[in-house]
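Engineer: Start counting the sequence shown at 0; every next residue gets the next number (numbering that gives the first Met the number 0).
Using N, Cα and C, we set each Cβ at its ideal position, and we do this for glycine too.
In this text the structure is predicted, and so the values were computed from the model without any measurement.
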Amino acid sequence: MMRFADIDSASCTPAVLEELARSPDALVNLRGLKHIAYVGDHEDWSYVCINPLLNGIEMRPVADLFELVYVRKPECVEFQGVFKVFPHLLEYSMRDLYSKHPTKPHHWKHEGRKDDIIVFRNGAKFNPMLHERSIAQHPKVHACLLVGTGRGRPAAIIELHPQYYTEDESARKALVKELWPQVRKANDVADTAGQLEQRYVIFANRVKPFEIGLKGTVQRYTTTQLYMQEIEDLYTSIAEGGLSTLFQTEAVMS
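Here you go:
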């Protein structure tokens, strides 16, 4: 399309961009777009290279990611336009989170927003995006959202594609087992607090679809509010089940 049509800009999915980055002919065609430029190795298309010596940027750890923060420095004033807008500030957080390149210094991949981080009641921070993306890769899943701020463990709300929706409890349990290899991939790299258990999974209701933004991502806050009652019911039922088991054990011991 870019080869034969007069296009100023294009919105592409990550999969399409990855394929474009590997094609020399496609990269040549990209030069015709007005709002895109590319540099560096083609396999690193999803990374940006940030030189901290030129812009005063600090990458501060948040859970297993890093938050981009501008720190006011006189020698970097030409590259810190944010402090012309907010002259009273000494630093400014973009609230964007990045992961490090596995081998190349100063290469960072955007992973999400600081607002996405779950903070458990013990203060531990958990990045839910790996679980959400892994689960959403299953062909029966439309989207996935993890919650758990202020709780002891994370829980997942899974929205299925319409043709797979069911209210049958046994069918839902079978679906959880079918999805679990995707969960296990994320659990394998998550710390103890971030382990997702099967009993902490619920399915979205057909009449309450996830709130999706213009970029195709789940709107975390509004969707969480939409399912607040279901979330509360889930954690309450698990807590009551644990207490019931505890009382039964004490009765047997006595």
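Excluding the five sequence neighbours on either side, which residues of its own chain have a C-beta within less than 7 Å of the C-beta of L64, listed in chain order?
Structural biologist: Here the set comprises L96, Y97, S98, E110, N126.
Engineer: So is F85 buried or exposed if we call it buried at 16+ other beta carbons inside 10 Å?
Structural biologist: It is exposed - the Cβ of F85 has fewer than 16 other Cβ atoms within 10 Å.
Engineer: Are G55 and V70 close, meaning C-beta to C-beta below 7 Å?
Structural biologist: Yes; because the gap between Cβ atoms is below 7 Å, this pair is in contact.
Engineer: By DSSP, does R59 sit in helix, in strand, or in coil?
Structural biologist: In the structure shown, R59 sits in a strand (DSSP, three-state: E or B).
Engineer: The beta strand (DSSP E) spanning A155 covers which residue range?
Structural biologist: Segment 154 to 159, the beta strand (DSSP E) holding A155.
Engineer: How many Å lie between H106 and L53 at the Cα?
Structural biologist: If I take the Cα positions, the gap works out to 15 Å.
Engineer: Could you spell out the range, first to last residue, of the beta strand (DSSP E) harbouring H141?
Structural biologist: From DSSP, the beta strand (DSSP E) with H141 extends over 140 to 146.
Engineer: For E210, collect the residues of the same chain with a Cβ closer than 6 Å to its Cβ; drop the 5 residues on either side in sequence, then sort them by chain order.
Structural biologist: Cβ neighbours of E210 beyond the five flanking positions: Q218, T221, T222.
Engineer: Using only the alpha-carbon positions, how far apart do E231 and R150 sit?
Structural biologist: Straight-line Cα distance between these residues: approximately 10 Å.
Engineer: Under 7 Å, do A135 and C143 count as touching if we go by C-beta distance?
Structural biologist: Yes. Within cutoff.
Engineer: Counting C-beta neighbours from all protein chains within 10 Å, is the total for T244 16 or more, i.e. buried, or is it exposed?
Structural biologist: Summary for T244: the model assigns pLDDT 42, below 50, so the residue's position carries little reliability; its value from the coordinates is reported in the next sentence. Flag for T244 reads exposed.
Engineer: What are the start and end residues of the alpha helix (DSSP H) that includes W179?
Structural biologist: Per DSSP, W179 belongs to the alpha helix (DSSP H) from 168 to 186.
Engineer: Note the first and the last residue of the continuous alpha helix (DSSP H) segment covering V84.
Structural biologist: Element bounds for V84: 81 to 84.
Engineer: Compare the beta carbon distance of H141 and E158 with 7 Å and say whether it is the shorter of the two.
Structural biologist: Result yes, Cβ atoms of H141 and E158 sit closer than 7 Å.
Engineer: Short of 7 Å in beta carbon distance, which residues of its chain neighbour E90, apart from the five on each side in sequence? Order them along the chain.
Structural biologist: The answer, listed in chain order, is V68, Y69, V70, R71.
Engineer: Look at the Cβ atom of S133, then the Cβ atom of A185, and state whether they are nearer than 7 Å.
Structural biologist: Result yes, Cβ atoms of S133 and A185 sit closer than 7 Å.
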